Structure formats: structure tokens, C-alpha cells
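Heads up, the thing below is written out as C-alpha cells.
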Amino acid sequence: MIETAPGGHFFAAQKTMSRYQTEFYQPFAADWSNFDAWIEKGSVDATTRATAIWQRILHEEKGPEIDDARKGALDDYIRKATAADGAEPVS
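Counting in my numbering, the sequence shown runs from 1 upward without gaps.
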């Protein structure tokens, strides 16, 4: 049985609604508020929210544990690639 007629939308379909909470990705940098609510919350645009997210990650998150031998091999590779006209790594 087809629940959505031609020209209709699937959002209100039972199959969509039963999966909405677990199957749909909600972007973490988006603000889905209406315009008035967005204004009341300070009018923070997506670029500003995304910048705050990557800055928090850089300051708070810890990278994976890496042993000294592997780190040395990566440093050697970067040094050789840079010497061969590669871009300088950003620190």
C-alpha cells in the first residue's frame, strides 16, 4: 500500500515518523529555530557556530595515543615531503 500520494511528501508518513528519532541526521552546526527565536538567541549564524565547534575540539579533545617510533616515522615522512616541495605543515 502506498501511503504518500503523487505530489505529497513523506515526512508525515507512518514509516518516516517511526524512524525519525533514530534514523535521521540532525546537523550539529545548524539552528532549526524559526527566525524570531533565532534573533532572540543572539542571531548566531552557522559559520560562527561551526567555528566555535572546531575551536572547542582543538582545545578540549585529545588525539590518539601514538608511540614514539611511529611518531618519529611520521615526522621523517613530513620532513622529506616538505623538502620535496610539499607544503609546510601547520602547527
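Idealized CB from N, CA, C, for every residue including glycine. Remember, it's a predicted structure, so these values are computed and weren't measured experimentally.
Through-space distance from residue j to residue i, alpha-carbon basis
i, j, result
"M17", "F10", "9 Å"
"D45", "A69", "43 Å"
"E88", "A81", "9 Å"
Within 9 Å, strictly: CB atoms of residue i and residue j
i, j, result
"A13", "T22", "no"
"L113", "I66", "Because residue 113 is not part of the residues shown, which for the chain are 1 to 91, the question remains open."
Simplified DSSP assignment, three categories, for residue i
i, result
"Q26", "coil"
"I78", "helix"
"A5", "coil"
"D68", "helix"
"E99", "Limits of the chain in this structure are 1 at one end and 91 at the other, which puts residue 99 out of reach."
"K62", "coil"
"F35", "helix"
"A13", "coil"
"A83", "helix"
Closer than 8 Å: residue i CB and nearest the ligand MN heavy atom
i, result
"W54", "With respect to the ligand MN, the structure offers nothing, as it holds no ligand at all."
Given 8 Å, three or more beta-carbon pairs between the region 48 to 63 and the region 16 to 33: Enough Cβ pairs lie closer than 8 Å, so yes.
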